[in-house]
Amino acid sequence: ACDAYARLGDAYGQARALNALGDVARKAGDVEASRSATVEAMTLFESVGNISGVADCLNDLAERSRLQGNVERARERAEQALKLYEALGSNEANLVRLNLALIALQSGDALRALHLCAPLDDAFDRAAQAAPRAQVLATTLAAQAHLGRWNEVMATLQTRTPTLRGTSMQMFNVRELLRETIEVASDAGESEVVAALRGLVGALSEDADGLSAVSSWVSDESS
Numbered sequence: 385a386c387d388a389y390a391r392l393g394d395a396y397g398q399a400r401a402l403n404a405l406g407d408v409a410r411k412a413g414d415v416e417a418s419r420s421a422t423v424e425a426m427t428l429f430e431s432v433g434n435i436s437g438v439a440d441c442l443n444d445l446a447e448r449s450r451l452q453g454n455v456e457r458a459r460e461r462a463e464q465a466l467k468l469y470e471a472l473g474s475n476e477a478n479l480v481r482l483n484l485a486l487i488a489l490q491s492g493d494a495l496r497a498l499h500l501c502a503p504l505d506d507a508f509d510r511a512a513q514a515a516p517r518a519q520v521l522a523t524t525l526a527a528q529a530h531l532g533r534w535n536e537v538m539a540t541l542q543t544r545t546p547t548l549r550g551t552s553m554q555m556f557n558v559r560e561l562l563r564e565t566i567e568v569a570s571d572a573g574e575s576e577v578v579a580a581l582r583g584l585v586g587a588l589s590e591d592a593d594g595l596s597a598v599s600s601w602v603s604d605e606s607s
């Protein structure tokens, strides 16, 4: 498809095809192929003045840098994407803010992660976006745990878990963040928090494998 668009001189179509290839490569675990396709797509989007496409690519690249552990590069790209989305007045800016919260948490700045997450739950609720809401919840819990705010962790579990029924536990970020929260709570001797996370797992999980996987983490950490 990319070659066909190139022969037609359709830079926009070629950029979209390359972006799709980047997603396929990412899901297949080929990070370098994914990055290369996304960078090429971004260049083409820039050539036709498609700012939204450029922002999409920047945010994708930010997430990939974060997953590779390059948090400074991830933050730089995400902040560039955020400026573009804000200039466009796009709701996609909230997805970048979520990415920045994950970047902050990964770099050890749990307080900034909490600050970034604070307005996002309502925003994703209004947009009926359950998956990002689940990621916001998991990020919030992990940040609160790292700060030792156990009363806040319990309050978050009690007030926000019921709103997220039906969200799949197969989401990588949610699974990993819950695991991280369980480990921090267990290390701190917060058995009540570890037990309460069982309720969160049940509320978020439609998938039996996902439920079993996270439940096993809870059991392992609380034993």
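In terms of this note's numbering, the sequence shown is residues 385 to 607. Ideal placement from N, C-alpha and C gives every residue a C-beta, glycine not left out. Because the structure is a prediction, the values reported are computed rather than measured.
Spatial distance of residue i from residue j (CA atoms)
i: Arg459; j: Ser575; result: 34 Å
i: Asp387; j: Gly393; result: 10 Å
i: Asp414; j: Glu560; result: 20 Å
i: Arg544; j: Ala395; result: 44 Å
i: Val537; j: Val577; result: 7 Å
i: Gln519; j: Val432; result: 33 Å
i: Ile487; j: Lys467; result: 17 Å
i: Gly503; j: Ala390; result: It should be pointed out that residue 503 corresponds to Pro in this sequence rather than to Gly. Rounded to whole angstroms, Pro503 to Ala390 spans 42 Å at the Cα level.
i: Asn434; j: Glu567; result: 43 Å
i: Asn483; j: Leu581; result: 23 Å
i: Gln626; j: Gly397; result: What the structure shows of the chain is the stretch from 385 to 607, and residue 626 is not part of that stretch, so it cannot be assessed.
i: Ala399; j: Ala569; result: 45 Å
i: Asp440; j: Ala465; result: 7 Å
i: Phe508; j: Glu416; result: 31 Å
i: Ala401; j: Val408; result: 11 Å
i: Arg496; j: Asp505; result: 16 Å
i: Ser607; j: Trp534; result: Reliability fails at Ser607, whose pLDDT of 46 lies under 50, so the model's placement of it is uncertain and no value is given.
i: Gly437; j: Gly406; result: 13 Å
i: Ala579; j: Glu430; result: 50 Å
i: Leu562; j: Glu424; result: 35 Å
i: Arg457; j: Tyr469; result: 19 Å
i: Gln513; j: Ala412; result: 25 Å
i: Glu447; j: Ala572; result: 30 Å
i: Ser491; j: Ala515; result: 23 Å
Supposed contact pair residue j and residue i - C-beta distance, whole angstroms, cut 8 Å
i: Leu498; j: Thr540; result: Rounded, the Cβ-Cβ distance is 10 Å, inconsistent with contact.
i: Asn475; j: Ala462; result: Actually they are not in contact, since the Cβ atoms of Asn475 and Ala462 sit about 16 Å apart, beyond 8 Å.
i: Leu445; j: Arg419; result: 7 Å
i: Leu500; j: Arg481; result: 5 Å
Residue j beta carbon less than 9 Å from that of residue i
i: Leu584; j: Leu521; result: yes
i: Ala526; j: Leu489; result: yes
i: Ala494; j: Leu531; result: yes
i: Thr422; j: Asn403; result: yes
Where the alpha helix (DSSP H) through residue i begins and ends
i: Ala516; result: In the sequence under discussion, the amino acid at residue 516 is Pro, which differs from the Ala named in the question. Counting along the chain, the alpha helix (DSSP H) containing Pro516 begins and ends at 514-530.
i: Glu416; result: 415-431
i: Thr359; result: Given that the chain is displayed from residue 385 to residue 607, the structure contains no residue 359 and the question cannot be resolved.
i: Gln452; result: Gln452 -> no alpha helix (DSSP H), and no H or E assigned at all.
i: Ala401; result: 395-411
i: Asn483; result: 477-490
i: Ala572; result: Run containing Ala572: none; DSSP gives neither H nor E here.
i: Asp382; result: Examination of residue 382 is not possible in this model, given that the chain is present from 385 through 607 alone.
i: Ala511; result: Note, Ala511: premise wrong, no alpha helix (DSSP H); not H, not E.
Any chain B beta carbon closer than 9 Å to residue i
i: Thr545; result: The chain labelled as chain B is not found in the depicted structure, where only one protein chain is given.
Cβ-heavy atom distance, residue i to the ligand SAM, below 8 Å
i: Arg457; result: The ligand SAM is absent from the structure shown, which contains no ligand whatsoever.
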